[in-house]
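Numbering (full-length UniProt numbering), first residue to last: 1 to 132.
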């Protein structure tokens, strides 16, 4: 059994793939408002995601997956969704899950409220408001 302290005290680094770094930069920096820390051409764009390093890594081939790869905890999901829509983001609708809500927000059984959208490469991203 592994010790809980092996990585428990280390900072997490998040990764997302892109085949088009220019579009990814415009989206993550310009739309989502993340601060670009470094442009490590041709390998990755490095962003500060509120203290977590996000490396948007350049890949030559990408098949986007149908599940969430990155998500943010937000305090007011309606306001966040409205701001993102105002910035041009379209939210995903999933039949029987969030297709009945005007903003595309799902009310999970745990009480968390979630909405999903895609980055320019088709990676699924999400915002979640957890119950208080």
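Ideal Cβ placement from N, Cα and C applies to all residues, glycine included.
To the nearest angstrom, how far is it from the Cα of residue i to the Cα of residue j?
i, j, result
"residue 107", "residue 131", "10 Å"
"residue 88", "residue 27", "10 Å"
"residue 70", "residue 94", "18 Å"
"residue 41", "residue 117", "26 Å"
"residue 90", "residue 54", "22 Å"
"residue 63", "residue 24", "15 Å"
"residue 43", "residue 78", "35 Å"
"residue 82", "residue 48", "23 Å"
"residue 127", "residue 68", "10 Å"
"residue 96", "residue 9", "40 Å"
"residue 80", "residue 51", "19 Å"
"residue 61", "residue 6", "33 Å"
"residue 84", "residue 66", "20 Å"
"residue 33", "residue 86", "13 Å"
Exposed or buried, what is residue i when buried is set at 16 or more other beta-carbons lying within 10 Å of its beta-carbon?
i, result
"residue 125", "buried"
"residue 22", "exposed"
"residue 72", "exposed"
"residue 12", "exposed"
"residue 45", "buried"
"residue 123", "buried"
"residue 98", "buried"
"residue 59", "exposed"
Is residue i near the ligand FAD, going by C-beta to nearest heavy atom under 8 Å?
i, result
"residue 55", "With respect to the ligand FAD, the structure shown offers nothing to examine, as it has no ligands at all."
List the whole-angstrom C-beta distance separating residue i from residue j, where the pair is believed to meet the contact cut-off of C-beta under 8 Å.
i, j, result
"residue 74", "residue 29", "Going by Cβ atoms, the distance from residue 74 to residue 29 rounds to 19 Å, so no, they are not a contact pair."
"residue 20", "residue 119", "Not a contact, Cβ separation roughly 10 Å."
"residue 100", "residue 92", "Actually they do not touch by this definition, with Cβ atoms about 14 Å apart."
> Are at least three pairs of beta-carbons, each pair with one atom in the segment 15–27 and one in the segment 99–113, less than 8 Å apart?
Replying inline: no
- Query: What are the start and end residues of each continuous beta strand (DSSP E) run of 3 or more residues lying completely inside the UniProt domain "VOC" (9–130), in chain order?
  - Reply: 13–18, 35–40, 44–49, 52–58, 68–73, 113–118 and 124–129
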